[in-house]
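S.K.:
Residue numbers (the numbering used here): 10 to 109.
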């Protein structure tokens with residue numbers, strides 16, 4: 010199931026999905042069968058300007074580990090002055106810090 014993120018935060022406009030073994034296989038992702046993947050990013054979205062890419066896996070928002078789409082929704086519902094994100098891209102973990 011795909012989820013479109015709405016609201017006023019750096020991830021607004023992203024379409025995300027829960028990874029599963031079947032979905033990972035469908036996407037051709039090896040070694041990743043859990044977590045939340047960025048499925049689509051609109052060209053003019055804040056997330057695109059921050060450098061997020063389709064296929065990135067959301068690992069953490071603030072102090073919240075991300076395992077399911079519901080974790081992302083809950084984390085983005087919390088107002089923040091500074092957004093700290095961790096994503097996995099390939100074999101790398103990338104940290105981002107964004108002022109709201």
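Virtual Cβ for every residue (Gly too), placed ideally from N, Cα, C.
Rounding to the nearest angstrom, what Cα-Cα distance links residue 94 and residue 15 in this structure?
M.R.: Position 85 of the chain shown, counted from the first residue, corresponds to residue 94. Position 6 of the chain shown, counted from the first residue, corresponds to residue 15. Near 17 Å, if we compare the C-alpha coordinates of residue 15 and residue 94.
S.K.: Can you tell me which of the three DSSP states residue 19 falls into?
M.R.: Locating residue 19 in the chain shown gives position 10, counting from the first residue. DSSP places residue 19 in coil when its eight states are reduced to three.
S.K.: Per DSSP, what kind of secondary structure is residue 85 in: helix, strand or coil?
M.R.: The count along the chain shown starts at 1 and reaches residue 85 at position 76. Looking at residue 85 - three-state DSSP - the assignment turns out to be helix.
S.K.: Is it buried or exposed for residue 53, if we count other Cβ within 10 angstroms and need 16 for buried?
M.R.: Counted from its first residue, the chain shown places residue 53 at position 44. Flag for residue 53 reads exposed.
S.K.: Residue 49 bridges to which residues according to DSSP?
M.R.: For the purposes of this step, residue 49 is taken as the residue at position 40 of the chain shown. Beta-bridge analysis with DSSP links residue 49 to 24.
S.K.: Once the 5 residues before and after residue 13 are set aside, which same chain residues still bring their CB inside 7 Å of it?
M.R.: For the purposes of this step, residue 13 is taken as residue 4 along the chain shown, with counting starting at 1. The residues are 24.
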